[in-house]
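**Q** Just add 10 to wherever you are in the first sequence, counting from 1, and you've got our numbering.
Don't be surprised by glycine CBs; every beta carbon is placed ideally from N, CA and C.
One structure is given below, represented as structure tokens, and several questions about it will come after.
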Amino acid sequence: MENYLEKLNPAQRKAAMHTDGPVMVIAGAGSGKTRVLTYRIVHLLKQKINPFNILALTFTNKASKEMRNRIEEIVGEDNARNLWMGTFHSIFSKILRFEAEKINYSPNFTIYDTEDSKNLIKSIIKELNLDKEIYKTGIIRNRISTLKNNFITVDKYIQNTDLNKQDNIAKRTEFGKIYQLYCSRCQKSSAMDFDDLLLKTYELFDNDKDVLSKYQEKFKYILIDEYQDTNHVQYLIIKKLAKLYKNICIVGDDAQSIYSFRGANIQNILNFKLDYPEYKTYKLEQNYRSTKTIVEAANSIIKKNEKQIKKNVWTNNKEGDKIIIAKTGSDNDEGRLVANTISDIKTKYQTQYKDFAILYRTNAQSRALEESLRKRNLSYKIYGGISFYQRKEIKDILAYFRLIINPNDDEALKRIINFPRRGIGLTTIQNLNLIANNNNTTIWKIIKSLDKYEININKGTIKKLEEFSLFINNFIINAKKKEAFILAEEIIKQTGLLSSLSADTSMEGISRLDNVQELLNGLKNFCESNENNKLSDFMQEVSLLTDQDQEKEDDDNKITLMTVHAAKGLEFPYVFIVGLEENLFPNVMSSESQESLEEERRLFYVAITRAEKRLFISFASTRFKWGQFTECIPSRFINELDNKYIEKQEMAIEKEYYQHSIQTKTKYRKKELFQIKNKTSKKLININKTKNISINKNDLTNITNGMQVRHNQFGTGKVINISGDGNNKKAIVFFNGIGQKQLLLKFAKLEILN
DNA sequence: ACCTCAAACATTTTT
DNA sequence: TGTTTGAGGT
Numbered sequence: 011m012e013n014y015l016e017k018l019n020p021a022q023r024k025a026a027m028h029t030d031g032p033v034m035v036i037a038g039a040g041s042g043k044t045r046v047l048t049y050r051i052v053h054l055l056k057q058k059i060n061p062f063n064i065l066a067l068t069f070t071n072k073a074s075k076e077m078r079n080r081i082e083e084i085v086g087e088d089n090a091r092n093l094w095m096g097t098f099h100s101i102f103s104k105i106l107r108f109e110a111e112k113i114n115y116s117p118n119f120t121i122y123d124t125e126d127s128k129n130l131i132k133s134i135i136k137e138l139n140l141d142k143e144i145y146k147t148g149i150i151r152n153r154i155s156t157l158k159n160n161f162i163t164v165d166k167y168i169q170n171t172d173l174n175k176q177d178n179i180a181k182r183t184e185f186g187k188i189y190q191l192y193c194s195r196c197q198k199s200s201a202m203d204f205d206d207l208l209l210k211t212y213e214l215f216d217n218d219k220d221v222l223s224k225y226q227e228k229f230k231y232i233l234i235d236e237y238q239d240t241n242h243v244q245y246l247i248i249k250k251l252a253k254l255y256k257n258i259c260i261v262g263d264d265a266q267s268i269y270s271f272r273g274a275n276i277q278n279i280l281n282f283k284l285d286y287p288e289y290k291t292y293k294l295e296q297n298y299r300s301t302k303t304i305v306e307a308a309n310s311i312i313k314k315n316e317k318q319i320k321k322n323v324w325t326n327n328k329e330g331d332k333i334i335i336a337k338t339g340s341d342n343d344e345g346r347l348v349a350n351t352i353s354d355i356k357t358k359y360q361t362q363y364k365d366f367a368i369l370y371r372t373n374a375q376s377r378a379l380e381e382s383l384r385k386r387n388l389s390y391k392i393y394g395g396i397s398f399y400q401r402k403e404i405k406d407i408l409a410y411f412r413l414i415i416n417p418n419d420d421e422a423l424k425r426i427i428n429f430p431r432r433g434i435g436l437t438t439i440q441n442l443n444l445i446a447n448n449n450n451t452t453i454w455k456i457i458k459s460l461d462k463y464e465i466n467i468n469k470g471t472i473k474k475l476e477e478f479s480l481f482i483n484n485f486i487i488n489a490k491k492k493e494a495f496i497l498a499e500e501i502i503k504q505t506g507l508l509s510s511l512s513a514d515t516s517m518e519g520i521s522r523l524d525n526v527q528e529l530l531n532g533l534k535n536f537c538e539s540n541e542n543n544k545l546s547d548f549m550q551e552v553s554l555l556t557d558q559d560q561e562k563e564d565d566d567n568k569i570t571l572m573t574v575h576a577a578k579g580l581e582f583p584y585v586f587i588v589g590l591e592e593n594l595f596p597n598v599m600s601s602e603s604q605e606s607l608e609e610e611r612r613l614f615y616v617a618i619t620r621a622e623k624r625l626f627i628s629f630a631s632t633r634f635k636w637g638q639f640t641e642c643i644p645s646r647f648i649n650e651l652d653n654k655y656i657e658k659q660e661m662a663i664e665k666e667y668y669q670h671s672i673q674t675k676t677k678y679r680k681k682e683l684f685q686i687k688n689k690t691s692k693k694l695i696n697i698n699k700t701k702n703i704s705i706n707k708n709d710l711t712n713i714t715n716g717m718q719v720r721h722n723q724f725g726t727g728k729v730i731n732i733s734g735d736g737n738n739k740k741a742i743v744f745f746n747g748i749g750q751k752q753l754l755l756k757f758a759k760l761e762i763l764n
């Protein structure tokens, strides 16, 4: 314990001990940046700094939990307890609940997830009678999110001619109206989306000098992990908080910035130098994680990016094996290859499941992998996709919880008012929604005093609404008295959700019941380990939890499947990166601009640097996508890897790598051949089918500027520009009476007229 | 109000 | 391929 600083190398130690001024730590992958943060906090505590005055912001809840545990081990639980450590979102929601009345919110405000936001936007679009083809909920939500992350409030948006012009060009003239309504509805329901947690915190600090100075005094020491992935609002908040003491330490790696779609801004690192001219930089360049081959291969990739802070990541570790690059026939072959390889390594080197990770660009890729792992009886866990808290049955129950804590939460109410069936249908809900909006109130308030409003609903339904209101009200009264677990059990039983789930004996039904049971277990756990164990306390924790925070007991020794994004900050002895194909990795959406291509490259860099011992990269020449086999070409990133670090394998299944076990090899060869043969015939049929259609009806390979074309929705028009090739080929067409449209040729069913 | 089935449609990463 | 929407029937 005395020698805690001996755990650090000289560069790390300097960074950890420089605690009297702004510090920027640029840390290469695997260079021990978490270690620096951890020991920096330990060092502060050793100097008798009050933990209450330390704010440490991490990127995930999991990272903060792990860091806290590590610190507790060194300084003892009591000394670490009052540290303020967590994600931006969780720390700021804590502050916002505490200061809620200052911003006109209930301390029990609900946090809307993406689905809630989309539903709200959908109903606003419907209400305004807008064309849902032009106003797509997903796009609108993203745009609102981007605006909020850049601190462009509704007022600022309306004044911003550039932004207005953008929306006018996209024919979304009513966007401002939607944005404005969205915000006022959230306010009315006492709900915040993820972005509000940041935005409202900034507004709170900006508008209330007393509150700001209170937190400036409190957070004398500020530490931020993964700084390269902070966005503009986060930057503004931190700038305000750190203004008084300027005791701020940021840790990051520009080469690992992979969240620009969420508003992350590398500019924040550059601003740091301007905001704190007296800052000191430390570079951590020694990699402790990976073999020389892996480190140098990763360097050779990131070198291709133009935008970066120069650094030289190196390692003392041994050379290690070459990176294997395998070509496979299809996504299923790829899955089989990965599963076979894992199985072989496992028996050959006596490794454990948890030593392996399979990383992919998109969640959809997990299916083929899962299937082959299951077939070979390899135990795995999968992160992402639909997380536990997003499962329908869980969200339904959580909607009851939400409504009971915050009855003005209209989205929760709409979700469960007729689930299970109470005979309150769509028409009634729409009616109530309309009345609520006209009276600038919430559906719950209408239902509570039906007689006060002019309502066009028949007697029978009124009675049903009254029953519903009584039913919920009873729980609302109890919510303040009973502990969460007891109340939850009552809710699930009295609503009849439990009995209807138990009645469903299908596979899916059983797993749904399991999930509900798991939720109850979680609640029980929560009640036993927390003093404040009301439902509202539980919900405050839950709304910001993600999949990764949900550790199950038997999860510790399993193969990990996740997206590269989710793998940030993690490490594994054996790593498989799959699907290295053009339009997948790099992604279709990203091959447009240099900037997004560089981000994809950084993403690949992150993936490579997760590996400690060995790295396997694979790609398939056909992939089953959207109900069709599509031809794939290898990713440009593969060619960017220096040849001296790699070993190429085609259909690696037949190579020496697998020959150590002749018995299994022959067994699998037979199976492989059989399956491949089947697959090929199926494939051929499918390809022919699609080709026939496209050749006969609309062969667009020769499309050029000036051609007259017909689109079954937009009518006839003239091609004014062609760009991209292959799958990415796009046409800009001017349609008579409609205007310009950009169309992806592989989707748009264009017919050439002349 | 609710159920069922067929057609249309989509196409990234997440706190 | 899987999910969502709409029409039509009960």
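In or out: Trp636 buried (at least 16 other Cβ within 10 Å) or exposed?
**A** Numbered from 1 along the first sequence, position 626 holds the residue referred to as residue 636. Classification for Trp636: exposed.
**Q** Would you kindly check if the distance between the Cβ of Arg153 and the Cβ of Ser127 is under 9 Å?
**A** For this step, residue 127 is matched to residue 117 along the first sequence. For this step, residue 153 is matched to residue 143 along the first sequence. No; because the gap between Cβ atoms is not below 9 Å, this pair is not in contact.
**Q** Taking 8 Å as the threshold, find out whether the region 41–49 comes into contact with the region 230–239 through three or more Cβ pairs.
**A** Yes: the two stretches touch, three or more of their Cβ pairs being nearer than 8 Å.
**Q** In terms of alpha-carbon separation, which member of His28, Ser194, Leu251, Asn63 lies closest to Asn450?
**A** Residue numbering aside, residue 450 sits at position 440 when the first sequence is read from its first letter. Of His28, Ser194, Leu251, Asn63, the residue nearest in Cα terms is Ser194.
**Q** Have a look at Gln226 and Asp216 and give me their C-alpha separation to the nearest angstrom.
**A** Within the first sequence, residue 226 is the residue found at index 216, counting from 1. Within the first sequence, residue 216 is the residue found at index 206, counting from 1. Straight-line Cα distance between these residues: approximately 12 Å.
**Q** Between Leu106, Lys132, Ile135, which has its C-alpha nearest Ile121's C-alpha?
**A** In the first sequence, the residue the question calls residue 121 occupies position 111. Nearest of Leu106, Lys132, Ile135 to Ile121, Cα basis: Leu106.
**Q** State the start and end residues of the unbroken beta strand (DSSP E) segment that holds Ile648.
**A** Against the first sequence, residue 648 aligns to sequence position 638. Note, Ile648: premise wrong, no beta strand (DSSP E); alpha helix (DSSP H) at 646–650.
**Q** Could you spell out the range, first to last residue, of the beta strand (DSSP E) harbouring Pro20?
**A** Taking the first residue of the first sequence as position 1, residue 20 is located at position 10. Not the beta strand (DSSP E): Pro20 falls in the alpha helix (DSSP H), residues 20–27.
**Q** Is the beta carbon of Val574 sitting closer than 9 Å to the one on Leu613?
**A** Numbered from 1 along the first sequence, position 564 holds the residue referred to as residue 574. Numbered from 1 along the first sequence, position 603 holds the residue referred to as residue 613. Yes, Cβ-Cβ distance for Val574 and Leu613 is below 9 Å.
**Q** Can you confirm whether the region 425–445 touches the region 458–478 when touching is taken to mean that 3 or more C-beta pairs between the two stretches lie within less than 8 Å?
**A** Touching, per the Cβ criterion.
**Q** With a threshold of 7 Å on Cβ separation, who are the neighbours of Glu493 within its own chain once the five nearest residues in sequence on each side are excluded?
**A** Residue 493 sits at position 483 when you count from the first residue of the first sequence. Excluding sequence neighbours, Glu493 sits near Cys537, Asn543, Lys544.
**Q** Keeping to the same chain, check which residues put their C-beta closer than 7 Å to that of Lys474; ignore five residues upstream and five downstream.
**A** In the first sequence, residue 474 corresponds to position 464, counting from 1. Arg432, Gly433, Ile434.
**Q** Determine the direct distance from the alpha carbon of Lys503 to that of Ser389, and round the result to whole angstroms.
**A** Here the question's residue 389 lines up with position 379 in the first sequence. Here the question's residue 503 lines up with position 493 in the first sequence. Rounded to whole angstroms, Ser389 to Lys503 spans 34 Å at the Cα level.
**Q** Which parts of the region 391–432 are runs of the beta strand (DSSP E), unbroken and 3 residues or longer, counting only runs that do not cross its ends?
**A** For the region 391–432, not a single whole beta strand (DSSP E) run of length 3 or above is found.
**Q** On the premise that Ala621 lies in contact with Ile304, defined as a C-beta separation below 8 Å, what is that separation, rounded to the nearest angstrom?
**A** Looking up residue 304 in the first sequence gives position 294. Looking up residue 621 in the first sequence gives position 611. The pair is a contact, with the Cβ atoms about 5 Å apart (cut-off 8 Å).
**Q** With distances taken from CA atoms, which of Ala422, Glu143, Leu254 is nearest Asn129?
**A** Taking the first residue of the first sequence as position 1, residue 129 is located at position 119. The option with the nearest alpha carbon to Asn129 is Ala422.
**Q** Can you check the region 89–129 for any alpha helix (DSSP H) of at least 4 residues that lies completely inside it and give the ranges in chain order?
**A** The region 89–129 contains these whole alpha helix (DSSP H) runs: 98–108.
**Q** Would you call Gly148 buried or exposed, if buried means 16 or more other Cβ atoms sit within 10 Å of its Cβ?
**A** Stepping through the first sequence from its first residue, residue 148 is reached at position 138. Classification of Gly148: exposed, given that the 10 Å Cβ count is below 16.
**Q** Any idea if Thr291 is buried or exposed, counting beta-carbon neighbours within 10 angstroms, 16 or more meaning buried?
**A** Here residue 291 refers to the residue found at position 281 of the first sequence. It counts as exposed.
**Q** Per DSSP, which one or two residues make a beta bridge with Asp461?
**A** Working through the first sequence from its first residue, we reach residue 461 at position 451. In DSSP, Asp461 forms no bridge with anything.
**Q** Alpha carbon to alpha carbon, how far is Leu413 from Asn483?
**A** For the purposes of this step, residue 413 is identified with residue 403 of the first sequence, where counting begins at 1. For the purposes of this step, residue 483 is identified with residue 473 of the first sequence, where counting begins at 1. The straight-line gap from Cα to Cα measures roughly 10 Å.
**Q** Is it true that the region 347–361 meets the region 600–616, where meeting means three or more beta-carbon pairs spaced less than 8 Å apart?
**A** No, they do not touch.
**Q** In terms of residue numbering, what span does the beta strand (DSSP E) encompassing Gly262 cover?
**A** Locating residue 262 in the first sequence gives position 252, counting from the first residue. Unbroken beta strand (DSSP E) run through Gly262: 258–262.
**Q** Give me, in chain order, the residues of the same chain whose beta-carbon lies closer than 6 Å to that of Ser340; leave out the 5 immediate sequence neighbours on both sides.
**A** Walking along the first sequence from the start, residue 340 turns up at place 330. Here the set comprises Ala630, Thr632.
**Q** Look at the alpha carbon of Ala308 and the alpha carbon of Arg377, and state the distance between them as a whole number of angstroms.
**A** In the first sequence, the residue the question calls residue 308 occupies position 298. In the first sequence, the residue the question calls residue 377 occupies position 367. So the two alpha carbons sit approximately 28 Å from each other.
**Q** Taking contact to mean at least 3 C-beta pairs separated by less than 8 Å, is the region 399–416 in contact with the region 368–388?
**A** In short, these stretches do not touch, since the Cβ pair count stays below three.
**Q** Name the two residues that bound the continuous alpha helix (DSSP H) containing Thr619.
**A** Counting from one through the first sequence, the residue named residue 619 turns up at place 609. It is not in any alpha helix (DSSP H) - Thr619 carries neither H nor E in the DSSP assignment.
**Q** Which whole-angstrom value is the C-beta distance of Tyr212 and Val243, which I expect to be below 8 Å?
**A** Residue 212 sits at position 202 when you count from the first residue of the first sequence. Residue 243 sits at position 233 when you count from the first residue of the first sequence. With 8 Å as the limit, Tyr212 and Val243 qualify as a contact, their Cβ atoms being about 5 Å apart.
**Q** Could you tell me if Glu143 is buried or exposed, where buried requires 16 or more neighbouring beta carbons within 10 angstroms of its beta carbon?
**A** Counted from its first residue, the first sequence places residue 143 at position 133. With fewer than 16 Cβ atoms within 10 Å of its Cβ, Glu143 is classed as exposed.
**Q** Do you know how far the Cα of Arg91 is from the Cα of Leu64?
**A** As a working note, residue 64 is residue 54 in the first sequence. As a working note, residue 91 is residue 81 in the first sequence. Note that residue 64 is Ile in the sequence shown, not Leu. Going from the Cα of Ile64 to the Cα of Arg91 covers about 11 Å.
**Q** Per DSSP, which one or two residues make a beta bridge with Gln659?
**A** Locating residue 659 in the first sequence gives position 649, counting from the first residue. Paired residue(s): Ala336.
**Q** Leaving out the 5 sequence neighbours to the left and right, which residues in its chain are closer than 6 Å to Ala66 when beta-carbon positions are compared?
**A** Along the first sequence, read from residue 1 onward, the residue named residue 66 stands at position 56. Excluding sequence neighbours, Ala66 sits near Met95, Leu233.
**Q** What three-state label does DSSP hand Ala630 in the structure shown?
**A** Position 620 of the first sequence, counted from the first residue, corresponds to residue 630. Strand, per DSSP.
**Q** First and last residue of the alpha helix (DSSP H) that includes Asp524?
**A** In the first sequence, residue 524 corresponds to position 514, counting from 1. 517–539 is the extent of the alpha helix (DSSP H) around Asp524.
**Q** Would you call the region 46–61 in contact with the region 73–82, where contact means no fewer than 3 C-beta pairs closer than 8 Å?
**A** The answer is yes - the region 73–82 touches the region 46–61, with three or more Cβ pairs under 8 Å.
**Q** Assuming Leu590 and Ile648 form a contact by the criterion Cβ under 8 Å, report the distance between their Cβ atoms to the nearest whole angstrom.
**A** As a first step, residue 590 is located in the first sequence; it is residue number 580 there, counting from the start. As a first step, residue 648 is located in the first sequence; it is residue number 638 there, counting from the start. Right, the Cβ-Cβ distance comes to about 6 Å (below 8 Å), so this counts as a contact.
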